[in-house]
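Let me begin by presenting the structure, written as structure tokens, before commenting on it.
There are 2 protein chains.
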Amino acid sequence: MGLVLADDLLGTGLLRVQREIDAAFDALLPIPDDARAPLVEAMRYATIDGGKRVRPMLLVTVAEMYGASRDAAVRAGSAIEAIHVYSLIHDDLPCMDDDDMRHGKPTLHKKFDEATAVLAGDSLHALAFEVLGGTHVSNDPFIRAELVHALATASGHNGMAGGQVMDMAADKEEFDLHGVTRLQQLKTGALLGAAVEMGAILGKVPADGRAHLRNYARDIGLAFQIADDLLDEEGDEAKAGKALRKDAEQGKATFVSLMGVDAARAQAHALSEQAIGHLSNHGAEADLLRALARFIVERDR
Amino acid sequence: MGLVLADDLLGTGLLRVQREIDAAFDALLPIPDDARAPLVEAMRYATIDGGKRVRPMLLVTVAEMYGASRDAAVRAGSAIEAIHVYSLIHDDLPCMDDDDMRHGKPTLHKKFDEATAVLAGDSLHALAFEVLGGTHVSNDPFIRAELVHALATASGHNGMAGGQVMDMAADKEEFDLHGVTRLQQLKTGALLGAAVEMGAILGKVPADGRAHLRNYARDIGLAFQIADDLLDEEGDEAKAGKALRKDAEQGKATFVSLMGVDAARAQAHALSEQAIGHLSNHGAEADLLRALARFIVERDR
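As they're listed, the protein sequences go chains G and Z. Residue 19 is where the first sequence starts when you use this note's numbering, and the numbers rise one by one after that. Residue 19 is where the second sequence starts when you use this note's numbering, and the numbers rise one by one after that.
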């Protein structure tokens, strides 16, 4: 993936998850021998060899910390990644952010067409819940229902989709730091939180034993978004694989526009350290989560 | 709703379900006091006082036949209706069927805008699984997971969304009667089948006791679509509340174009009677399903 990683543990871990998630989508999406073939080809184009797989990485790492099966966690990871990918496909549409490039290749509606992009997104959305609701991830129906509920709540109007609506209003509304924080907690924080929550569900961590994991997820979520804003301001479009500096052009309030570059960078690093602090009761089994918290603010794409 | 109903039992039953589903969406969708308000207003616009509610009606009727709680069935009915409504919102988009009117009022992207239509559809999609995955419908996690799996499978690329892709290819591909049947089994049949399946799940009917219900659903699904094709050919746009005769303009193969009006009408009625035949082991508790099978081919919108 060409990422500059300070940490070998994390680099190895991310590459492993990336290969596993690619394999999971390859198995989930055989191309049918009928007129649906272009739809499934589009779903494969968007999911296989895709992004950094941060959400599956979080989910798998937390699940394994608590002794869950890695295979089950990777399958649940493919479900949350399907939700993340569908949201990118729809966000890139001309009526939304109107982006031509994603992960260094043409966006889905550029490669195929808009109708296929809408339907491939919708189909990945459904696939996530097909994976979680069936016996693919777990034979325990309680775990299946809990995973579904956590993911659906984080992705709907009270989570990711709600955050995207706020984001689209951000060039018209005057968001202050509180408003931008709230927006980002929905737009990116909710799904990152769901990744950790789903790992805890698979690991059978009781709900009242998840507070430190939720706090970790909240802090890295915010750090992740501040880092994104910094990359949008200062990053390299070739490395990012997508158009940058669109927020500033549209006059949108971001952490960087509200705080300035230096304070934003300091805040991202402080949140990353604070996230790591929430893991103080864990030993070496949480090292990947610690490395991920550092990576999130140090990445160059 | 202004429907001409031959059957008082069915008319009363449909009106009751319509009121219950409206109330369910009203309760599920309070308008938030932030920038997400237009999104939730759009979700309410699309769901409340909406369509005929055929899918919730099927689900509730089957569930009650087997002794399930009506409240639980109505909640599950709101989930399948949320999926149906999201699919209509996305199908109406300019890049898809490009329709201006639905249920006698402007389509969502006309009333709001395209971005809101994409996101309101996505949010209703997520809401369906939030409703089913949580304890809202059932305290039994097995029932919750089974409901999720049935609905997700029926709505994704191997169901409704796959059928929509085939439908969009229908003006380019030369579908014969077999191809159109397959297309419609996915596009409309899968979700009608899921309605019956979900009712059976709530009623704790074992999987091997559902064959007659599945056969009923398959036959009314096909009858429903042939009736839709006949309405598209012969119907009144004012009553239908949407543009008609688009398939013929686009040269799409339909049951009517392939069979002719008279044979198509005869086939729809034969399927309706065949569907009723599958209920022969049921008594008066299945009268609503029998009335629904007749209504589906006799409706004028």
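Glycine is no exception: its CB is placed at the ideal position from the N, C-alpha and C atoms.
For this session: Could you please tell me which residues of the segment 166 to 183 of chain G, in chain order, have their CB closer than 7 Å to any CB of chain Z?
Result: Val166, His167, Ala170, Thr171, Ser173, Gly174, His175, Ala179, Gly180, Gln182, Val183
Exercise. How big is the Cα-Cα spacing for Arg312 of chain G and Asp265 of chain G?
Worked result: 25 Å
Exercise. In chain order, what residues of the same chain lie with their CB nearer than 7 Å to the CB of Ala86 of chain G, ignoring the 5 residues before and after it?
Worked result: Leu220, Gly221
Exercise. So, is the C-beta of Gly151 of chain Z closer than 8 Å to a C-beta in chain G?
Worked result: yes
Problem set entry | Cβ of Val223 of chain G within 8 Å of any chain Z Cβ | no
Exercise. Which residues share a DSSP beta bridge with Pro124 of chain Z?
Worked result: Z:Met119
Exercise. Using a Cβ-Cβ distance under 8 Å, would Glu132 of chain Z count as near chain G?
Worked result: yes
Problem set entry | Cβ neighbour criterion (16 or more within 10 Å) applied to Arg228 of chain Z | buried
For this session: Mind the definition here: the segment 114 to 133 of chain Z touches the segment 244 to 264 of chain Z only if three or more C-beta pairs lie below 8 Å; say whether that holds.
Result: yes
Problem set entry | Residues that Phe160 of chain G contacts on chain Z, provided the C-beta gap is smaller than 7 Å | Pro159
For this session: For Ser141 of chain Z, go through chain G and note every residue whose CB falls closer than 8 Å to its CB, in chain order.
Result: Gly174, His175, Ala179, Gly180
Problem set entry | is_contact[His108 of chain Z, chain G] using C-beta, thresh 8 Å | yes
Exercise. According to a CB-to-CB cut-off of less than 7 Å, which residues of the segment 187 to 218 of chain G neighbour chain Z?
Worked result: Ala187, Glu191
Exercise. Exposed or buried, what is Ala172 of chain Z when buried is set at 16 or more other beta-carbons lying within 10 Å of its beta-carbon?
Worked result: buried
For this session: Give a yes or no on whether 8 Å exceeds the smallest Cβ distance from Ala81 of chain Z to chain G.
Result: no
Exercise. Which of helix, strand or coil does DSSP assign to Asp158 of chain G?
Worked result: coil
Exercise. Whole-angstrom Cβ separation of His167 of chain G and Gly211 of chain Z, contact assumed at under 8 Å?
Worked result: Rounded, the Cβ-Cβ distance is 24 Å, inconsistent with contact.
Exercise. Which whole-angstrom value is the C-beta distance of Ile314 of chain G and Ala241 of chain G, which I expect to be below 8 Å?
Worked result: 6 Å
Problem set entry | the segment 156 to 164 of chain Z / the segment 135 to 147 of chain Z touching (three or more Cβ pairs under 8 Å) | no
Exercise. Three-state secondary structure (DSSP) at Leu231 of chain Z?
Worked result: helix
Problem set entry | Stretch-stretch touch, CB-based, cutoff 8 Å, three pairs: the segment 181 to 188 of chain G with the segment 48 to 55 of chain Z | yes
Problem set entry | Assigned secondary structure, Gly221 of chain G (DSSP; H/G/I helix, E/B strand, else coil) | coil
Exercise. Should Phe273 of chain Z be flagged as near chain G, meaning a C-beta pair shorter than 8 Å?
Worked result: no
Exercise. For Val22 of chain Z, which of helix, strand or coil comes out of DSSP?
Worked result: For Val22 of chain Z, the predicted model reports a pLDDT of 47, less than 50, meaning its position is unreliable and no value from the coordinates is stated.
Problem set entry | Chain-order list of residues whose beta-carbon lies under 7 Å from that of Arg308 of chain G (same chain, five-residue window excluded) | Ile294, Leu297
Exercise. First and last residue of the alpha helix (DSSP H) that includes Ser290 of chain Z?
Worked result: 279 to 295
For this session: For Leu307 of chain G, name the three-state secondary structure that DSSP assigns.
Result: helix
Exercise. In chain G, what lies closer than 9 Å to Met114 of chain Z by C-beta?
Worked result: Glu132, Ala133, Val136, Leu137
For this session: Tell me, to the nearest whole angstrom, how far the beta carbon of Glu38 of chain G is from that of Arg73 of chain G; I am working on the premise that it is less than 8 Å.
Result: With a Cβ gap of about 13 Å, Glu38 of chain G and Arg73 of chain G do not count as contacting.
Problem set entry | Three-state class that DSSP yields for Leu111 of chain G in the structure shown | coil
Exercise. Any Cβ of chain Z within less than 8 Å of the Cβ of Val103 of chain G?
Worked result: no
For this session: Could you give the DSSP three-state label for Lys205 of chain G: helix, strand or coil?
Result: helix
For this session: Given a cut-off of 8 Å, decide if Gly239 of chain G and Leu204 of chain G are closer than it, judged by their beta-carbon atoms.
Result: no
Exercise. Taking just the CA atoms, how far does Thr199 of chain Z sit from Ile244 of chain Z?
Worked result: 10 Å
Problem set entry | Helix, strand or coil at Ile39 of chain Z according to DSSP, with G and I counted as helix | helix
Exercise. Taking the Cβ atom as the reference point for each residue, do Arg88 of chain G and Val78 of chain G lie within a distance shorter than 8 Å?
Worked result: yes
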